[in-house]
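Q:
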Amino acid sequence: MKHPFDLRLLEGLWVVLGTGLLMVVWHGGLRATQAEYHRLVQRRAALETQLAGVEAVVKEVGSASDWLTAQHQRLAALRARVPMQAHLPQLLNAVANLAQASDVKVANLAQGNLEPVLQDGQPVLLDGRPCARLPVTMTAEGGYHAVRAMLEQLTDEAFPGVVSVQQIELARPAAGGARLAATLRLMLYVTMAPVGS
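For the sequence shown, the positions run 653 to 849 when the numbering used here is used.
1) Per DSSP, residue 757 is paired with what?
2) Would you mind sorting residue 703 into buried or exposed? The rule is 16 or more other CB atoms within 10 Å of its CB.
3) Any contact between the region 724-744 and the region 782-798? By contact I mean 3 or more CB pairs, one from each, below 8 angstroms.
4) Can you give the Cα-Cα distance for residue 796 and residue 819, rounded to whole angstroms?
5) For the alpha helix (DSSP H) containing residue 723, list its first residue and its last residue.
6) I'd like to know whether the C-beta atoms of residue 758 and residue 791 end up nearer to each other than 9 angstroms.
7) Which residue or residues does DSSP assign as beta-bridge partners of residue 817?
8) Spatial neighbours of residue 764 within its chain, please: C-beta separation below 8 angstroms, excluding the five flanking residues on both sides.
9) According to the neighbour-count rule (16 or more other Cβ atoms, all chains shown, within 10 Å of its Cβ), is residue 751 buried or exposed?
10) Let's test the definition: count the other Cβ atoms within 10 Å of the Cβ of residue 716 and tell me whether it reaches 16, buried, or not, exposed.
11) So residue 730 packs on residue 814, CB below 8 angstroms; how close in whole Å?
12) What number of angstroms, rounded off, separates the C-alpha of residue 837 from the C-alpha of residue 777?
13) My guess is that residue 793 and residue 831 are in contact by the Cβ rule of under 8 angstroms, so how many angstroms apart are they, rounded?
14) Starting from the Cα of residue 766, find the closest Cα among 844, 661, 674, 673 and give me that residue.
15) Roughly how many whole angstroms lie between the Cα atoms of residue 697 and residue 673?
16) Can you give me the C-alpha to C-alpha distance between residue 811 and residue 803, rounded to a whole angstrom?
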């Protein structure tokens, strides 16, 4: 026969072990819950940052009608910058004059043949007039900053025409020095006479 004291000791031991096991399980679950909570807090902070960025963009753009009005104004300004084919000599002179004003010495300014601008095989029309582009190759020499300033002015909205820079090749002349030999391949855009005239 066992002593009643041993039975109580055994029951107490089971209670202590059960409580300890319960504490370990609870503590492990608590750590997992805390980790999940911290992950969710970080995710919320990231989403709030993204939302603030989107709200700033929406505030800057305004309503859809405001955006559309601004785009129509930009398109009208762009249309005004595309000269007629008859103004091509003045546009070429403007390119050469801009280079000289930027302290870039133009060695050669050669033009290719006028070619139509096509989209999906159809001519691009601007106010009923087909658009064309003239490939131009400019060979020039100047300092890096002068060449860069010239390119910025060529593609600026203040320039009296639409010019795209297709390719730039920069090299040091054989004699060395701080000047660069630059070969620029440009496209000048003009409109032709209206279709049917």
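A virtual CB, placed ideally from N, CA and C, is assigned to each residue, including glycine.
A: Answer, in terms of the structure:
1) Position 105 of the sequence shown, counting from 1, holds the residue named residue 757. DSSP lists 793 as partners of residue 757.
2) On the sequence shown, residue 703 is found 51 positions in, with the first residue counted as 1. Classification of residue 703: exposed, given that the 10 Å Cβ count is below 16.
3) yes
4) Numbered from its first residue, the sequence shown carries residue 796 at position 144. Numbered from its first residue, the sequence shown carries residue 819 at position 167. The alpha-carbon atoms of residue 796 and residue 819 are separated by roughly 16 angstroms.
5) Your numbering for residue 723 matches position 71 in the sequence shown. Counting along the chain, the alpha helix (DSSP H) containing residue 723 begins and ends at 716-733.
6) Stepping through the sequence shown from its first residue, residue 758 is reached at position 106. Stepping through the sequence shown from its first residue, residue 791 is reached at position 139. Going by C-beta atoms, residue 758 is nearer than 9 angstroms to residue 791.
7) Start at 1 with the first residue of the sequence shown, and residue 817 comes out as number 165. Note: residue 817 sits in a beta bridge opposite 838.
8) As a first step, residue 764 must be located in the sequence shown, where it is residue number 112. Excluding residues within five positions, the ones whose Cβ falls inside 8 angstroms are 786, 787, 788, 789.
9) As a position in the sequence shown, residue 751 is number 99, starting the count at 1. By the neighbour-count rule (16 or more Cβ atoms within 10 Å), residue 751 is buried.
10) By one-based count along the sequence shown, residue 716 stands at place 64. Residue 716 should be labelled exposed.
11) Residue 730 sits at position 78 when you count from the first residue of the sequence shown. Residue 814 sits at position 162 when you count from the first residue of the sequence shown. Confirmed, Cβ separation roughly 7 angstroms.
12) For the purposes of this step, residue 837 is taken as residue 185 along the sequence shown, with counting starting at 1. For the purposes of this step, residue 777 is taken as residue 125 along the sequence shown, with counting starting at 1. Cα to Cα, residue 837 sits roughly 24 angstroms from residue 777.
13) Working through the sequence shown from its first residue, we reach residue 793 at position 141. Working through the sequence shown from its first residue, we reach residue 831 at position 179. Right, their Cβ atoms sit about 5 angstroms apart.
14) Locating residue 766 in the sequence shown gives position 114, where the first residue counts as 1. Ranking 844, 661, 674, 673 by Cα distance to residue 766 puts 844 first.
15) Residue mapping note: residue 697 aligns to position 45 of the sequence shown, counting from 1. Residue mapping note: residue 673 aligns to position 21 of the sequence shown, counting from 1. So the two alpha carbons sit approximately 36 angstroms from each other.
16) The sequence position of residue 811 within the sequence shown is 159, counting from 1. The sequence position of residue 803 within the sequence shown is 151, counting from 1. Straight-line Cα distance between these residues: approximately 11 angstroms.
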